[in-house]
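Asks: Sharing a structure below in structure tokens format, with a few things to ask.
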Amino acid sequence: ATTATGGTVPLTDALELAQQGLPWLMVFDHAGVPLHLGRTKRLATPAQRLALIAALRGCSRPGCDAPASLCAVHHVRDWNTHGDTDIENLTLACDRCHAMVHDGPGGWKTVTLDQDSQFPGRTGWIAPPHIDPTATPRVNHRHHTSELLATTLARIHEQRNQEREQRQRWLSSHTRHTHAA
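Just so you know, we're using the working numbering here: the sequence shown kicks off at 4 and counts up by one.
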């Protein structure tokens, strides 16, 4: 076996070294084509978990209000399908919501929203087709009060603008009727 520094060791020694905690084990064929890539780091580090808690504050599934203390670290792209244990691929999900993510019927999907999104880098949850046939990724705003406040204020402003326009139309039509009489 060839080591990372270019040296060679007997295969039995390489396997023994790999069992002692090397994060990657690659096996190549004679032409240099990878046959196997083994990864040992599936769990998030304490630092990654703290970063997620600080950023997300709780479960990332839309509508869920579970606090971070009740959440597990979830791989947005599943670890079993080569989803890395990198902060960009991790999010928080409570046990109930975490169990909802699967490839079977009725399973939810998670994606990382791209830079063109309204919430770049956040985890988008995609409901199963019987819930949302459009498969629109949605984010959780419950743990982000500033986002909730901004949405509420936008609704209030829109409602006030509509009421103002209605009053102006009424005044305009009332003034025309008064002058015509």
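Yeah, the Cβ is synthetic: ideal placement off N, Cα and C, and Gly gets one too.
No experiment lies behind these values; they were computed from the predicted model shown.
Please name the residue in 124, 85, 16, 136 whose C-alpha comes closest to that of residue 55.
Replies: 124
Asks: Residue 85 by DSSP, collapsed to three states: which one?
Replies: coil
Asks: Any idea if residue 41 is buried or exposed, counting beta-carbon neighbours within 10 angstroms, 16 or more meaning buried?
Replies: Confidence at residue 41 is low in this model, with a pLDDT of 49, below 50, so its placement is unreliable and the value that follows should be read with caution. It counts as exposed.
Asks: Here's a check: name, in chain order, each residue in its chain whose Cβ is nearer than 6 Å to the Cβ of residue 59, leaving out the five neighbours to either side.
Replies: 95
Asks: When burial is assigned at 16 or more other CB atoms within 10 Å of the CB, is residue 50 buried or exposed?
Replies: exposed
Asks: Would you be able to state if there are at least three C-beta pairs under 8 Å between the region 80-90 and the region 158-172?
Replies: no
Asks: According to DSSP, is residue 11 part of a helix, a strand, or is it coil?
Replies: strand
Asks: Leaving out five residues on either side along the sequence, give the residues of the same chain with a beta carbon under 7 Å from the beta carbon of residue 17.
Replies: These residues qualify, in order along the chain: 4.
Asks: Since residue 129 sits in a beta bridge, which residues does DSSP pair it with?
Replies: The partner list for residue 129 (beta bridge, DSSP) reads 112.
Asks: Should residue 113 be labelled buried (16 or more other beta-carbon atoms within 10 Å of its own) or exposed?
Replies: Buried: at least 16 other Cβ atoms inside 10 Å.
Asks: On the criterion of 16 or more Cβ atoms from any shown chain inside 10 Å, does residue 61 qualify as buried, or is it exposed?
Replies: buried
Asks: If you draw a straight line from the C-alpha of residue 46 to the C-alpha of residue 141, how long is it?
Replies: 25 Å
Asks: Compare the Cα-Cα distances from residue 81 to each of 129, 106, 176 and report the closest residue.
Replies: 106
Asks: Taking just the CA atoms, how far does residue 115 sit from residue 100?
Replies: 17 Å
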